[in-house]
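For what it's worth, this note's numbering labels the leading residue of the sequence shown as 15, then goes sequentially.
We put the beta carbon where it would ideally sit given N, CA and C, even for glycine.
To start, the structure under review is shown below, and the notes come after it.
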Amino acid sequence: MTIVSSSTIIAAPPSVVRATFLDWPNLTKWDKRYMKTLTPLLPNGSPDPSKTSGFSVVPGDTLHATFWGGESHLEILENTEAVFKWKGVWHGLVAVRSFRYEEVELEGGKGKGTRFTQDEVAKGLPGFILTVDGWLGGNLKKKFEEFNADLKGECERRSGEGVVS
């Protein structure tokens with residue numbers, strides 16, 4: 015089993031972080047290095063036109079995801095105010111990825127913010143590929159950190175402008 019985790023503190027409330035993360039139609043406007051598309055699917059495998067963002071998916075739904083290193087079909091396991099979680103299979107790995115939004119006090123009395131954490135628990139022989147730079151797309155922890163930095167920037171921009179979604 016391989017576990018990869020990364021978190022960051024974002025100077026925006028959890029509602030803004032969650033809204034930004036689940037705003038999949040605008041994902042590539044701020045995430046240029048990691049995920050390309052997250053598309054909810056109908057049971058027949060075609061895109062589901064009634065579900066255009068992460069807000070509308072429920073446990074049991076399937077996503078088609080394109081990202082560094084390829085693509086995968088992901089099963090939604092949880093979608094709450096505090097956690098978004100999916101399970102996928104990629105190159106023989108079975109992995110569960112969680113994204114958590116936890117309210118925290120910002121340092122220096124600057125109000126409330128969010129600890130955004132993503133982690134992946136992977137099972138399967140090639141689990142080490144998630145930690146090796148350059149092989150099948152690179153080091154997953156580094157990808158998490160880059161994604162977190164991009165998400166942080168977009169959330170803080172949206173929060174400062176009063177934009178929620």
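Looking at 110, 131, 165 and 79, the one whose alpha-carbon comes closest to that of residue 118 is 131. For the alpha helix (DSSP H) assignment, the uninterrupted runs of no fewer than 4 residues enclosed by the segment 35 to 122 are, from N- to C-terminal side, 41 to 44. The segment 54 to 68 and the segment 151 to 164 do not touch, with fewer than three beta-carbon pairs separated by less than 8 Å.
Nearest to residue 33 by C-alpha distance, out of 84, 47 and 93, is 93. Distance check between residue 126 and each of 134, 105, 135 and 115 places 115 closest, using alpha-carbon atoms only. DSSP lists no bridge partner for residue 161.
It is roughly 15 Å from the alpha-carbon of residue 169 to the alpha-carbon of residue 39. Residue pairing from DSSP places residue 127 in a beta bridge opposite 118. For the pair residue 86 and residue 102, the Cα-to-Cα distance works out to about 7 Å. In this structure residue 57 is exposed. Its beta-carbon is surrounded by fewer than 16 other beta-carbon atoms within 10 angstroms. Counting only residues of its own chain and dropping the five nearest sequence neighbours on each side, residue 18 has a CB closer than 8 Å to the CB of 133, 134, 136, 144, 145, 154, 155 and 158. Distances from the CA of residue 55 to each of 72, 113 and 21 were compared; the closest alpha carbon is that of 72.
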